[in-house]
Amino acid sequence: MVRVGIGYDIHALKKGRPLILGGLHIPHSKGLLGHSDADALYHAITDAIFGALGEGDIGDHFSDKDPKWKNAASVLFAREAVRCAKARGFKISFIDTIVVAEEPKLFAFKKQMRENIARDFKVRVSQVGLKAKTNEGFGPIGKGRAIAAEAAVTLVKG
Ligand code: MG
Numbered sequence: 007m008v009r010v011g012i013g014y015d016i017h018a019l020k021k022g023r024p025l026i027l028g029g030l031h032i033p034h035s036k037g038l039l040g041h042s043d044a045d046a047l048y049h050a051i052t053d054a055i056f057g058a059l060g061e062g063d064i065g066d067h068f069s070d071k072d073p074k075w076k077n078a079a080s081v082l083f084a085r086e087a088v089r090c091a092k093a094r095g096f097k098i099s100f101i102d103t104i105v106v107a108e109e110p111k112l113f114a115f116k117k118q119m120r121e122n123i124a125r126d127f128k129v130r131v132s133q134v135g136l137k138a139k140t141n142e143g144f145g146p147i148g149k150g151r152a153i154a155a156e157a158a159v160t161l162v163k164g
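Here my numbering is used: the first residue of the sequence shown is 7, the next is one more, and so on.
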């Protein structure tokens, strides 16, 4: 049995926050604002896994009202989504992703982000796709006020 889940996330960029994206601390003057470390890419992948499992969304599993998850590393969410998939007899077959960011330029960090995703979602690097795009100057992302991410995850039973 094959299942596909999709995920989307967006967080605002604010001065004084570390920029954590794809499990990587990226040097930048601003970082993503959120209850956890606000890693929009890990959140989109996590949501795609929960989606494919029919297990709600990331907020159902890790409430942003719960102080336990304040500034939490999103790798914890990744591990829990992987655990849920495994417990239901599914394996991750492929993770495909898009990051939409006007700044900083992510080209130099793509390789490491792919490796981090593979490590934390327990797949091989060859099972991870990562595209980094800009928003061509349009909207809040294009103005450098936010970063968004999308993910599609394929799960197979067995
Ligand atoms: Mg999020």
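Just so it is clear, CB atoms sit at the ideal spot from N, CA and C, and this is done for glycine as well.
Query: Is Gly40 near the ligand MG, in the sense that its beta carbon is under 8 angstroms from a heavy atom of that ligand?; Result: yes
Query: Take Asn141 and list the residues in its own chain whose beta-carbon comes closer than 7 angstroms to its own, dropping the five residues that flank it on each side.; Result: Val106, Glu108, Ile147 and Gly148
Query: So, with DSSP's three-state summary, where would you put Val134?; Result: strand
Query: Classify Gly37 as helix, strand or coil using the three-state DSSP reduction.; Result: strand
Query: Say the cut is 8 angstroms; is the CB of Ile64 nearer than that to a heavy atom of the ligand MG?; Result: yes
Query: Let's see if you can read the secondary structure: which residues bound the beta strand (DSSP E) around Glu121?; Result: Segment Lys116 to Asp126 is the alpha helix (DSSP H) holding Glu121; no beta strand (DSSP E) there.
Query: Near Arg120, which residues of its chain fall below 7 angstroms by C-beta distance, leaving aside the five closest residues on each side in sequence?; Result: Val131, Val134 and Leu136
Query: For the beta strand (DSSP E) containing Thr52, name the first residue and the last one.; Result: Premise fails: Thr52 lies in the alpha helix (DSSP H), Ala46 to Leu59, not in any beta strand (DSSP E).
Query: Three or more C-beta pairs closer than 8 angstroms, one from the region 62-74 and one from the region 25-32: is that the case here?; Result: no
Query: With respect to 8 angstroms, is the separation between the Cβ of Ala46 and the closest non-hydrogen atom of the ligand MG below this value?; Result: yes
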